[in-house]
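Have a look at the structure below, then the notes.
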Amino acid sequence: MPASSLFSLAPKGPPGNMGVPVREPALSVALWLSWGAALGAVACAMALLTQQTELQSLRREVSRLQRTGGPSQKGEGYPWQSLPEQQHSVLHLVPINATSKDDSDVTEVMWQPALRRGRGLQAQGYGVRIRDAGVYLLYSQVLFQDVTFTMGQVVSREGQGKQETLFRCIRSMPSHPDRAYNSCYSAGVFHLHQGDILSVIIPRARAKLNLSPHGTFLGFVKL
Ligand SMILES: *[C@@H]1O[C@H](CO)[C@@H](O)[C@H](O)[C@H]1NC(C)=O
């Protein structure tokens with residue numbers, strides 16, 4: 001690059017006027033521009049500062065919400081909102097698939113978590129393992145599309161060397177395939193122990209289920 005073009009941006013005095021400081025219009029414009037730039041930078045810095053402050057107060061609000069689990073409404077609001085999160089493990093499960101063992105007259109559903117809070121519960125194959133002992137609300141729904149005269153599910157607990165039924169749900173089914181749709185919902189409150197495996201069992205081989213997450217689901221709420 002030739003030197004002349006390299007320095008061409010520098011202000012030049014008119015020829016024959018060397019040494020006399022003469023302000024050319026281009027120079028004044030440049031000065032004004034740099035003033036403008038400086039003012040702009042100051043304005044930007046102030047805006048940034050304001051945003052920083054707002055961000056900090058937002059952060060404080062979020063961390064307070066995370067601690068309390070809800071908006072701070074002293075005196076009003078719901079008392080459960082202020083309970084620590086760990087007290088209320090939640091697990092809502094939806095089906096992955098269902099299978100029947102050839103040698104037994106049952107169909108079992110494999111579950112995956114759709115919503116989880118806390119680590120007190122763990123989906124595990126065809127069951128859910130309880131990690132934190134305690135009192136739980138359990139709910140179960142299965143949507144059947146089956147012409148067998150009755151359909152239903154059993155929620156069972158396996159642990160401490162025995163298996164027991166916690167609750168069951170039963171529906172009579174219409175005999176015509178076009179009308180044989182029925183969902184079965186049931187719920188209850190139970191004391192569950194650490195290591196218990198909970199599962200939903202349909203006491204029919206090759207039961208015809210609708211495995212959409214709206215039709216068939218299972219849930220736990222620690223109370
Ligand atoms: C159910 O899904 C699991 C996980 O994707 C898979 O390992 C298993 O083979 C499936 N079972 C059936 C009967 O399709």
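Using UniProt numbering, the first residue of the sequence shown is number 1, and each one after it goes up by one. In this text, a Cβ means the ideal position worked out from N, Cα and C, and glycines have one as well.
Within the DSSP secondary-structure output, Q112 pairs in a beta bridge with V94.
When the Cα atoms are used, V128 and T107 turn out to be separated by approximately 16 Å. With a threshold of 16 other beta carbon atoms within 10 Å, L93 meets it and is buried.
DSSP lists E108 as the beta-bridge partner residues of T99. Less than 8 Å separates the beta-carbon of V147 from that of P177. Relative to ligand 1, the beta carbon of N97 is positioned inside 7 Å of a heavy atom. L211 sits in coil when the DSSP states are folded into three classes, being neither helix nor strand. In the DSSP secondary-structure assignment, S183 is bridged to L143.
The Cβ atoms of M110 and Y126 sit closer than 8 Å to each other.
One thing to note: D196 has its Cβ within 8 Å of the Cβ of G159.
Judged by beta-carbon spacing, F190 lies within the 8 Å limit of L138, meaning their Cβ atoms are closer than that value.
Taking 7 Å as the cut-off, the C-beta of M110 counts as close to a heavy atom of ligand 1. Ranking A47, V200, K162 by CA distance to the CA of G219 puts V200 first.
Between W35 and T53, the alpha-carbon positions lie close to 27 Å from each other. In the DSSP assignment, Q122 falls within the beta strand (DSSP E) that extends over 121-124. Its Cα nearest to that of Q194, the residue I130 stands out among R168, I130, S186, M173. Looking at L198, M173, F167, the one whose alpha-carbon comes closest to that of L91 is L198. Taking all protein chains in view, the Cβ of F149 is surrounded by fewer than 16 other Cβ atoms within 10 Å, so the residue is classified as exposed. Distance between Y136 and A187, taken at the CA atoms: about 10 Å.
By the 16-neighbour rule on beta-carbons within 10 angstroms, K222 is buried.
As the crow flies, the alpha-carbon of K101 is around 25 Å from that of S175.
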